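Line order of the protein sequences matches chains A and B. Counting from 1, one number per residue, gives the positions in the first sequence under this note's numbering. Counting from 225, one number per residue, gives the positions in the second sequence under this note's numbering.
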Amino acid sequence: MSDIPVIRFEDVSKIYPLPAGDVVALDRVSLTVERGEFIAVMGPSGSGKSTLLNLMGCLDVPTSGKIYLSGKDISGMNDDELTRLRRDQIGFVFQQFNLIPLLSALENVEFPVVLTPDREKSRERAVEMLRAMDLEEELYTHKPSELSGGQQQRVAIARALVNDPALILCDEPTGNLDTKTGTAIMNLLAEENRKGKTIVMVTHDPKVAEYAHRLIQIVDGRLV
Amino acid sequence: MIFLDFAVRNLKRHWVRSFLSIIGIVIGVIAIASLGIMGNSINLLVANLITDVGDTIVITPHTAIGDTFAGDPRTAVDATIPARQVDEIRRAASPHRVIPVQQGADEVEFGGGESGYTQVIGLDAEDIPALLDIKVGQYPRQNQPGALVGTYLAEEYDISPGARIAIGGDDLRVAGLLEERGFAADINPDYAVVVPSAWYRDHFGTDDAYSMVIIRVGDVGEIDSVKDAVDDQLNRREETVDIFDSRELLRQYEEIYRQITTFLVGIGGISLLVAAVNILNVMYISVTERIREIGIMRSIGVLRREVLRMFLYEAVILGVIGSVIGGAFSAVGGYFISVAAIEVFTAGTTFGENFTVFDLTAVGFVIFGMLFGIATSIVAGFYPAWKAAQQQPIEAMRHD
Ligand SMILES: Nc1ncnc2c1ncn2[C@@H]1O[C@H](COP(=O)(O)OP(=O)(O)OP(=O)(O)O)[C@@H](O)[C@H]1O
Ligand SMILES: [Mg+2]
């Protein structure tokens, strides 16, 4: 069981057809992510890091190639299965936070729990997560539009971790944070990793990348 | 349920938009329901106005004007049917009842110094009960003359049975008042005085000239054969009389109100379309604005059907609120429009009295309008939500 990789890419390409010509965001990428790994993905802007992470998170489908999550080909899964996978197995921190504007900080964190069958402890879990993120308690009732970038990022990370996912995907988790908070977040992620979670993280910051055990470099949609 | 709560919060958050959506739905529902009510009222009214005498043949003197309506004053003034021809008609139409009609006009004093130039109809006393119903009083007898006064005339001059009127200076007692008769194929005595033919002949001095002959055919199936017999008898050498039957007149009226109905259904159809487009538009915009949000929710584990359920709740809430308000407005509005329409159509008559606007059909239109509003809202909200839910989460999130 443990030798089945969490993620396996086989010749995965992602091409965006645009009127001005096709954009090849990922070009025949093959990689494996083993259980318990902590990987940093680095590369210049526009090189395809977010595209890679979106495909790992089942948020998008590849133009060609195969993606296996825990050994299962995701092209053979229906939408409900993929959605439940996102809900229960994957925690995603978006580059643009993507909080739900309608909900308060606390409700945003609580939301993924509410969607699951064991929603009773949802409020406790959410508060616990936000405490771990060091978010001031008076901000819990604020809407995302009433939070700073860094505060939103912490809420977004709390939301990603709240369902205790086995796989955590972070797109620039510390991009908007000061060094101190950034360090705190990274320690938290490292702690999660020690508990056995698999983490793939996109970053520009070599210092942040140091927390990872493996580095994937990507340039123009190709691994180097 | 979290998605219901979500729907309500979404509607509250965008309360201006929700309000506009509701207005859109309200207008749509009103347009449909009140037009339906109005059309229905007019149809009811027209059906009410026409006295159904499906078994009547009307014979008028042939005039150069030709196919004029039997009540056309020119027919009465220009030519008459002589007594000889009436006898021929009687022979041809036997055994059906033949009712010769004399019509003239004279100055009538109604008492209290009031008088007016009024139509006077002379009928054989025996024929009167076969042709006209009385509201109060009694039918006059041939040897005991009396007048029957049309209902509007009676109302206008406040006449009741037993009163005395003078027609062209000749005193006459009012024996009774007639029931309202409306537009009939033969005579319309609502504004006239009906007297026995003997009195009529004495007064006007005409004993050989009838303006019209009515044949009452008991069985509608025999109308054509009776018409043919009369035609054979009187029009063999040259056209001396014109022969109508009430079916033709009814057909004409039916044609008219079929056209009114078509017209209203046409307008109703257009407003249905406008309303649907309006509701679609508002709902479509409000869902499209939130495609990004749908993408976010999908990315953190909301199923397609849960997205649809949430938007369905929103659409249903808006649709129900809008439709209930619209239904209430159109019930009230439709009532006043109909009352106004009836007043215009029946000015000076009493047909509009006791006329109920709200029969089952009208209620049906309100319910139809409301269901239409709810259904359109659901379709309009559902389709873009479904489209957004079909997209990959990341594509939806990129939308703005
Ligand atoms: N929806 C899209 N349509 C067309 N092209 C796209 C789309 N999304 C990404 N791209 C293109 O794909 C390439 C890779 O984009 P991606 O977002 O993965 O870059 P990135 O490595 O995350 O960049 P950054 O570090 O700036 O976030 C870019 O050239 C981008 O222009
Ligand atoms: Mg990126």
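For each residue, glycine too, the CB sits at the ideal point set by N, CA and C. What you are looking at is a predicted structure, and each value in this text was computed from that prediction instead of being measured.
How about residue 348 of chain B and residue 389 of chain B: are their beta carbons less than 9 Å apart? If you check the CB distance, residue 348 of chain B and residue 389 of chain B do not come in under 9 Å.
Neighbouring residues, chain B, relative to residue 112 of chain A (Cβ below 8 Å): 524 and 525, listed in chain order.
Cβ of residue 59 of chain A within 9 Å of any chain B Cβ: By this cut-off, residue 59 of chain A is an interface position.
Is residue 624 of chain B near ligand 1, in the sense that its beta carbon is under 8 Å from a heavy atom of that ligand? Checking every heavy atom of ligand 1 against the Cβ of residue 624 of chain B, none is found closer than 8 Å.
Could you give the first and the last residue of the continuous beta strand (DSSP E) run that contains residue 339 of chain B? Per DSSP, residue 339 of chain B belongs to the beta strand (DSSP E) from 338-347.
For ligand 2, residues whose Cβ lies under 6 Å from any non-hydrogen atom: Residues lining ligand 2 by the Cβ criterion, that is a Cβ closer than 6 Å to any of its heavy atoms, are A:49, A:50, A:95 and A:171 in chain order.
Which chain B residues sit within Cβ distance under 8 Å of residue 227 of chain A? In the structure displayed, chain A extends from 1 to 224; residue 227 of chain A sits before or after that span and is not available.
Any C-beta of chain B sitting closer than 9 Å to the C-beta of residue 80 of chain A? So, interface residue.
Roughly how many whole angstroms lie between the Cα atoms of residue 387 of chain B and residue 284 of chain B? Their Cα atoms are separated by approximately 33 Å.
Straight-line Cα distance separating residue 115 of chain A from residue 186 of chain A: Rounded to the nearest angstrom, the two C-alpha atoms are 27 Å apart.
Closer than 9 Å, CB to CB, is residue 116 of chain A near chain B or not? Cβ-Cβ to chain B under 9 Å: yes for residue 116 of chain A.
At least one CB of chain B closer than 9 Å to the CB of residue 92 of chain A: is that the case? Output row for residue 92 of chain A: interface = yes.
Assigned secondary structure, residue 466 of chain B (DSSP; H/G/I helix, E/B strand, else coil): Strand at residue 466 of chain B.
Tell me whether residue 44 of chain A counts as near ligand 1, meaning its Cβ is closer than 8 Å to at least one heavy atom of that ligand. Ligand 1 approaches residue 44 of chain A closely enough that one of its heavy atoms is under 8 Å from the residue's Cβ.
Coarse secondary structure for residue 114 of chain A, derived from DSSP in three states: In this structure, DSSP gives residue 114 of chain A a helical state, which the three-state scheme calls helix.
Straight-line gap, residue 354 of chain B to residue 366 of chain B (C-alpha atoms, nearest Å): If I take the Cα positions, the gap works out to 15 Å.
Please classify residue 145 of chain A as buried or exposed, where buried requires at least 16 other C-beta atoms within 10 Å of its C-beta. Answer is exposed; the Cβ neighbour count stays below 16.
Run of the alpha helix (DSSP H) containing residue 457 of chain B, from where it starts to where it stops: Looking at the DSSP string, the run of the alpha helix (DSSP H) that includes residue 457 of chain B is 447-458.
Where the alpha helix (DSSP H) containing residue 444 of chain B begins and where it ends: For residue 444 of chain B, there is no enclosing alpha helix (DSSP H), as DSSP marks it with neither H nor E.
Consult DSSP for residue 362 of chain B and reduce its assignment to one of helix, strand or coil. In this structure, residue 362 of chain B counts as coil in the three-state DSSP scheme.
What do you reckon, is the C-beta of residue 65 of chain A under 8 Å from a heavy atom of ligand 3? Summarising the ligand content, the structure contains ligand 1 and ligand 2 and does not contain ligand 3.
Helix, strand or coil at residue 640 of chain B [DSSP, three-state]: Any property of residue 640 of chain B remains undetermined from this structure, which presents chain B solely from 225 to 624.
Closer than 9 Å, CB to CB, is residue 610 of chain B near chain A or not? Not an interface residue.
Please name the residue, chosen from A:51, A:3, A:210 and A:17, that lies closest to residue 218 of chain A on a Cα-to-Cα basis. From the listed residues A:51, A:3, A:210 and A:17, the smallest Cα separation to residue 218 of chain A is found for A:51.
Are any of the Cβ atoms in chain A nearer than 9 Å to that of residue 241 of chain B? No, residue 241 of chain B lies away from the interface with chain A (no Cβ there is under 9 Å from its Cβ).
Taking residue 390 of chain B as part of the beta strand (DSSP E), name the residues at either end of that continuous run. Note, residue 390 of chain B: beta strand (DSSP E), 388-391.
Helix, strand or coil for residue 514 of chain B, going by three-state DSSP, please let me know. Annotated three-state conformation of residue 514 of chain B is coil, per DSSP.
If I measure Cβ to Cβ from residue 71 of chain A and keep anything under 6 Å in the same chain, skipping five residues before and after, which residues do I get? Leaving aside the five residues that flank residue 71 of chain A on each side, the residues in its chain whose CB is nearer than 6 Å to its CB run, in chain order, 4.
Proximity winner among A:176, A:167 and A:161, relative to residue 188 of chain A (alpha-carbon distances): Among A:176, A:167 and A:161, the Cα nearest to that of residue 188 of chain A belongs to A:161.
Would you mind reading off the limits of the beta strand (DSSP E) that contains residue 327 of chain B? Where residue 327 of chain B is concerned, the enclosing beta strand (DSSP E) starts and stops at 321-335.
Integer Cβ distance of residue 330 of chain B from residue 344 of chain B, believed to fall under 8 Å: Confirmed, Cβ separation roughly 6 Å.
According to DSSP, residues forming a beta bridge with residue 80 of chain A: In DSSP, residue 80 of chain A forms no bridge with anything.
Can a CB atom of chain B be found closer than 9 Å to the CB of residue 1 of chain A? Per-residue confidence for residue 1 of chain A stands at a pLDDT of 47, beneath the threshold of 50, marking its modelled position as unreliable; the derived number appears in the next sentence. Not an interface residue.
Rounded to whole angstroms, what is the Cα-Cα separation between residue 466 of chain B and residue 449 of chain B? Their backbone Cα atoms lie some 15 Å apart in a straight line.
Roughly how many angstroms separate the alpha carbons of residue 45 of chain A and residue 20 of chain A, rounded to a whole number? Rounded to the nearest whole angstrom, the C-alpha separation of residue 45 of chain A and residue 20 of chain A is 20 Å.
Using 10 angstroms around the beta-carbon of residue 81 of chain A, count the other beta-carbons present and answer buried if the total reaches 16, otherwise exposed. By the neighbour-count rule (16 or more Cβ atoms within 10 Å), residue 81 of chain A is not buried but exposed.
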